[in-house]
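Just below is one structure, and these are the notes that go with it.
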Amino acid sequence: MSETTTNKPYPSSSPGLKPVKKTNPFRRFWKQIDVQLMVLPGILLVFVFSYIPMYGILTAFMDYDIFTAHRIFENPWVGFKHFKAFFDAPNFMTLIRNTIVISLLKFFIGFPAPIVLALMLNEVRHMVFKRVVQTITYLPHFMSWVIVGGLVMSLLSTDNGSVNILLKGIGAIEEPINFLSIKEYFWTILISTNVWKEVGFASIVYLAAIAGVDPNLYEAADIDGASKFKQIYLITIPTIMPVILIFMILAIGSLLNAGFEDILILAENPLLRPVSDVIDVYVYRIGLQNFKYSFAAAIGLFKAVISIMLLTIANYLARKAGSSLW
Amino acid sequence: MMKKKSLLLIVSAVLLFSTMLAACSNSGSNTEKPSPTAPASNNPGNNGGGTEEPKGDAWEFGSEPLSFSLYYHYNWADFLGMDEYPATKWLKENKQLDIKAIQANGSANDVMATMIVGNKLPDVIWMDRFHQDFDRLYQAGQLVPLDDYLEKYPNLLKWAGKEKLDLLRSPDGKLYKFPNWYTDKSTNTAGYAINKKIHREMGSPTLETIDDLYKYLVDVKAKYGDQVIPFEPDRAVDGQGVGVLYTAFKEGALYDSVGRQLIGVPNGDKLTSLFTDPAFRESQKFVSKLYREKLMTQDAFTQTDEMVTEKLLANRVAVYASSNVTQKTNLAHSEIIKENPDDGYFVIWPFHKAGLDKNKIYPGGYDKLGWNVAVITKNAKDPEKIFAFLDWFTGPDGMNLQFFGPEGKNWKGYDGEGSPIFTDQFDPVEVADIQTKNTWIQIVGNTSYIDPAKMKMEERLPEKDRNWQAKYQSEITWPTGIDITEFKDLTPPTDSEEANIQTLMTELLTQVLAESSQAKSDSDVDKILDKAEADAKKSGYERLLEWRTEQWQAKRKILGLS
Numbered sequence: 001m002s003e004t005t006t007n008k009p010y011p012s013s014s015p016g017l018k019p020v021k022k023t024n025p026f027r028r029f030w031k032q033i034d035v036q037l038m039v040l041p042g043i044l045l046v047f048v049f050s051y052i053p054m055y056g057i058l059t060a061f062m063d064y065d066i067f068t069a070h071r072i073f074e075n076p077w078v079g080f081k082h083f084k085a086f087f088d089a090p091n092f093m094t095l096i097r098n099t100i101v102i103s104l105l106k107f108f109i110g111f112p113a114p115i116v117l118a119l120m121l122n123e124v125r126h127m128v129f130k131r132v133v134q135t136i137t138y139l140p141h142f143m144s145w146v147i148v149g150g151l152v153m154s155l156l157s158t159d160n161g162s163v164n165i166l167l168k169g170i171g172a173i174e175e176p177i178n179f180l181s182i183k184e185y186f187w188t189i190l191i192s193t194n195v196w197k198e199v200g201f202a203s204i205v206y207l208a209a210i211a212g213v214d215p216n217l218y219e220a221a222d223i224d225g226a227s228k229f230k231q232i233y234l235i236t237i238p239t240i241m242p243v244i245l246i247f248m249i250l251a252i253g254s255l256l257n258a259g260f261e262d263i264l265i266l267a268e269n270p271l272l273r274p275v276s277d278v279i280d281v282y283v284y285r286i287g288l289q290n291f292k293y294s295f296a297a298a299i300g301l302f303k304a305v306i307s308i309m310l311l312t313i314a315n316y317l318a319r320k321a322g323s324s325l326w
Numbered sequence: 001m002m003k004k005k006s007l008l009l010i011v012s013a014v015l016l017f018s019t020m021l022a023a024c025s026n027s028g029s030n031t032e033k034p035s036p037t038a039p040a041s042n043n044p045g046n047n048g049g050g051t052e053e054p055k056g057d058a059w060e061f062g063s064e065p066l067s068f069s070l071y072y073h074y075n076w077a078d079f080l081g082m083d084e085y086p087a088t089k090w091l092k093e094n095k096q097l098d099i100k101a102i103q104a105n106g107s108a109n110d111v112m113a114t115m116i117v118g119n120k121l122p123d124v125i126w127m128d129r130f131h132q133d134f135d136r137l138y139q140a141g142q143l144v145p146l147d148d149y150l151e152k153y154p155n156l157l158k159w160a161g162k163e164k165l166d167l168l169r170s171p172d173g174k175l176y177k178f179p180n181w182y183t184d185k186s187t188n189t190a191g192y193a194i195n196k197k198i199h200r201e202m203g204s205p206t207l208e209t210i211d212d213l214y215k216y217l218v219d220v221k222a223k224y225g226d227q228v229i230p231f232e233p234d235r236a237v238d239g240q241g242v243g244v245l246y247t248a249f250k251e252g253a254l255y256d257s258v259g260r261q262l263i264g265v266p267n268g269d270k271l272t273s274l275f276t277d278p279a280f281r282e283s284q285k286f287v288s289k290l291y292r293e294k295l296m297t298q299d300a301f302t303q304t305d306e307m308v309t310e311k312l313l314a315n316r317v318a319v320y321a322s323s324n325v326t327q328k329t330n331l332a333h334s335e336i337i338k339e340n341p342d343d344g345y346f347v348i349w350p351f352h353k354a355g356l357d358k359n360k361i362y363p364g365g366y367d368k369l370g371w372n373v374a375v376i377t378k379n380a381k382d383p384e385k386i387f388a389f390l391d392w393f394t395g396p397d398g399m400n401l402q403f404f405g406p407e408g409k410n411w412k413g414y415d416g417e418g419s420p421i422f423t424d425q426f427d428p429v430e431v432a433d434i435q436t437k438n439t440w441i442q443i444v445g446n447t448s449y450i451d452p453a454k455m456k457m458e459e460r461l462p463e464k465d466r467n468w469q470a471k472y473q474s475e476i477t478w479p480t481g482i483d484i485t486e487f488k489d490l491t492p493p494t495d496s497e498e499a500n501i502q503t504l505m506t507e508l509l510t511q512v513l514a515e516s517s518q519a520k521s522d523s524d525v526d527k528i529l530d531k532a533e534a535d536a537k538k539s540g541y542e543r544l545l546e547w548r549t550e551q552w553q554a555k556r557k558i559l560g561l562s
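So, in structure tokens, the structure goes:
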């Protein structure tokens, strides 16, 4: 026993620590063939399900007829006709405004919310209470929007809706308020429902990141007399910053996804359309429900191009901050 | 070290291989799944099935096994299988029929698109008459014309009549649609139902004019407060009670004027704008007044069918208006009278604006061509045999099977008028059960035949056992229905300029109807409708109205009205 320790004081002085020699890339590849094989199914998956179907984008520039099935080149080319139709749509500006406003609201409220929850949960010392809160907050994530929507509608209904009964009970209002038919309330209802549904689940990854913070740092801070808030501000947040940044980049990439199911279900009242109609809902109602596949494909492509641009800008900024996707 | 590495290599190889296997097996099952039928063929003429009987001779349903696939193009209804309905179960055991189910499971449009793209159409599709997919299938030449079979098989031509079938014909002059619930008499079920208990407690006031209605609603609200919904318009987002009220403001006004399929008002021999129609403006002002003064459900534009039914069941609705007033009320009525036989609901003669003739007010219409259609696709191996079955099913034998069960128990033989003769063992409970269970297999219903038979059955019953729904339909809703056959199916062909206008107009109408109903004042209603008219003109509304006027006049010619 003692012999081995004297012979090899540092077991980690394995070949891995030796400076890597620049070798032929093929040889390097062959040396890691086991690892490379494991990547292959992933690449295959992306290729088959994300790259091959991309030829369907071509239908955005055609008058696509679904009876031609996969023989899409039999369809006539029409150039930017469908893009033009979309830009000329009577409510184009409303759609763009709503899409941007709703996604920005979701970004500025929905993105930090799980971080705050994770930080708060991290400070809870009572383990049972912490677990219970965690479970309760992440459960709504597994409910479909149809159920959540039904729940919200029942809660906010004017006829026997719990919220109205409560407000009347405490004397805040005289007559029930028709929450889901008032334009001014829609964004608030939409965003709060979203936060309620997703906050718990999204906080899991931040909790995991927080768990990885070295406890010695807190001990040291404690000795130096740092308050709890100072510890969060100076230790926890800086340590999980890379995770936050990565998720922020991803969130920016999907900024134009203002949501679909949630809006479709919560904004049932046509009165709300001036504030609730976003690109995706419009594509569904006008494009897919009327089988205008080319039109829908064109708008989808338009959205994708803008999303890639946003993603690239966000990543560029993040790289300046020292943590980026690529 | 080396050992470890080779183990890892094996593990990852196995992983990769299994992924590929999974992918393969997946694609294998994908190609088989959507087609439970025999291999599809695009060319029905090449099949051996038709050669077995001599040409020109009618095939007798039940003489040989018949099998085909059936798809309901609806989100809310599926054909579930032969064993799920008494009628099909009997047909399977006695007539060698086997219908294979293809189900939409709530996503009819997706399933349909998948079947079209994969060239795996079902043999028979049951769908809305005006569905765009009909036009799509027709334009792609995927449907079998029924003309050759009409003369050979007796029932459809006899019961529907040539005139109605002519109306169903497509632009190429051929008939592709097998109608459901075609009729010569009114089938209207739109109107108003009144809560008996509340009406009694209010001192049973007369309810005839719009002013009576308004006063009643105000009094109900004053007496019961939030406990009772004074006026329940059902799902107003679909028109419903809002459209029904519109008909009270003009003699001969059509509920369908406010509908997405028409969006126009007949004026002489032209269709004109809905938004400038004085009666529509007046009725929307009335509706918005009800809404403002909280005399009408505030959730009218957001509520679901279940919420409406719940309110009716809870006995909390004073006046209920709907395009199908007997359906939900029937359910609620039969529940309520279990505990309080004197309560429940009654259907009232439609309200009218004071000064109008109450006999010229029609809250709803009926379409002689009925509701939906069944079409046979070119994927069907033996379209003629399928037609033979549909024709049998819509005939007296088929209809009686669906309504009264197989011949022998509840009925036996026919009387002089062709109606079934009910036996002494006739069991009303069993018959009601049969009718309920067979509802979703009635795809080629024959109203012309079955309504007199149903009436004959009702007459056998003592007054108290008579069906609530049947009573009010025959006494009120049917007589207050107007024939709107000439206004139906004015849908422009898919991908035409008019179809694009129609899409924009549907959008506009849905929003305008909601906005003007929830307007803050009468002058707001005018403002909203003025703006709607301007927006509509920009979208090409006039062109759509011209196109519709032309089609409408052509239909009037076929019907012999002009």
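Sequence order for the protein chains is A and B. Going by full-length UniProt numbering, the letters in the first sequence line up with residues 1 to 326, in that order. Going by full-length UniProt numbering, the letters in the second sequence line up with residues 1 to 562, in that order. Beta carbons are placed, not taken as given, at the ideal position from N, Cα and C, and that holds for glycine. Here the structure is a predicted model, which means the values were calculated and not measured.
Classify residue i: buried if its beta carbon has 16 or more other beta carbons within 10 angstroms, exposed otherwise.
| i | result |
| --- | --- |
| GLU542 (chain B) | exposed |
| residue 563 (chain B) | Past the edges of chain B, shown from 1 to 562, lies residue 563 (chain B), and the structure says nothing about it. |
| HIS126 (chain A) | exposed |
| SER144 (chain A) | exposed |
| SER334 (chain B) | exposed |
| LEU45 (chain A) | exposed |
| ASN195 (chain B) | buried |
| PHE142 (chain A) | exposed |
| TRP77 (chain A) | exposed |
| ARG200 (chain B) | exposed |
| LEU165 (chain B) | buried |
| ASP299 (chain B) | buried |
Hey, is residue i close to the ligand MN, as in C-beta under 6 angstroms from one of its heavy atoms?
| i | result |
| --- | --- |
| VAL101 (chain A) | This structure lacks the ligand MN, and indeed carries no ligand of any kind. |
Between residue i and chain A, is there a C-beta pair that is closer than 7 angstroms?
| i | result |
| --- | --- |
| ILE116 (chain B) | yes |
| LEU519 (chain B) | Here residue 519 (chain B) turns out to be Ala, not Leu, going by the sequence shown. Not closer than 7 angstroms to any Cβ of chain A, the Cβ of ALA519 (chain B) fails to qualify, so no. |
| GLU515 (chain B) | yes |
| THR377 (chain B) | no |
| ASP299 (chain B) | yes |
| ARG543 (chain B) | no |
| THR510 (chain B) | yes |
How would you write the range of the alpha helix (DSSP H) that residue i sits in, first residue to last?
| i | result |
| --- | --- |
| SER283 (chain B) | 278-292 |
| GLY150 (chain A) | 145-156 |
Within 7 angstroms (strictly less), CB to CB, does residue i reach chain B?
| i | result |
| --- | --- |
| THR137 (chain A) | no |
| THR59 (chain A) | no |
| LEU250 (chain A) | no |
| ASP159 (chain A) | yes |
| PHE186 (chain A) | no |
| PHE67 (chain A) | yes |
| ILE313 (chain A) | no |
| ARG273 (chain A) | yes |
Using CA atoms only, rank isn't needed, just tell me which of the options is closest to residue i.
| i | options | result |
| --- | --- | --- |
| VAL512 (chain B) | B:TYR216, B:THR187, B:ASN467 and B:PHE301 | B:PHE301 |
| GLY161 (chain B) | B:THR247, B:TRP181 and B:ARG548 | B:TRP181 |
| VAL373 (chain B) | B:LYS360, B:LEU390, B:ILE361 and B:PRO383 | B:LEU390 |
| PHE61 (chain B) | B:ALA77, B:GLN96 and B:GLN442 | B:GLN96 |
| THR193 (chain A) | A:LEU245, A:ASN216, A:LYS183 and A:ILE265 | A:ILE265 |
Going along chain D, which residues have a C-beta under 8 angstroms from residue i?
| i | result |
| --- | --- |
| GLN132 (chain B) | Looking at the structure shown, chain D is missing, and the protein chains on hand are A and B. |
Tell me the residue span of the beta strand (DSSP E) that contains residue i.
| i | result |
| --- | --- |
| PHE387 (chain B) | PHE387 (chain B) -> not in any beta strand (DSSP E); alpha helix (DSSP H) instead, spanning 383-394. |
| LYS270 (chain B) | 270-272 |
- Going along the chain, which unbroken runs of the alpha helix (DSSP H) with 4 or more residues stay wholly within the stretch 204-239 of chain B? Secondary structure in the stretch 204-239 of chain B: the alpha helix (DSSP H) runs of 4 residues or longer, each lying completely within the stretch, are 210-224 in chain order.
- Which full runs of the beta strand (DSSP E) of 3+ residues lie inside the stretch 176-254 of chain A, going along the chain? Unbroken beta strand (DSSP E) runs of no fewer than 3 residues, entirely contained in the stretch 176-254 of chain A, are not found.
- Please go through the stretch 31-82 of chain A and give each complete alpha helix (DSSP H) segment of 4 or more residues, from N-terminal end onward. Along the stretch 31-82 of chain A, the alpha helix (DSSP H) occurs as fully enclosed runs of 4 or more residues at 33-46, listed in sequence order.
- Which runs of the alpha helix (DSSP H), 4 residues or longer, sit entirely within the stretch 405-450 of chain B? You should have 428-438.
- Item | Start-end ranges of the alpha helix (DSSP H) lying completely within the stretch 466-497 of chain B, minimum 4 residues | Given a length threshold of 4 residues, each whole run of the alpha helix (DSSP H) inside the stretch 466-497 of chain B is given here in chain order: 468-472.
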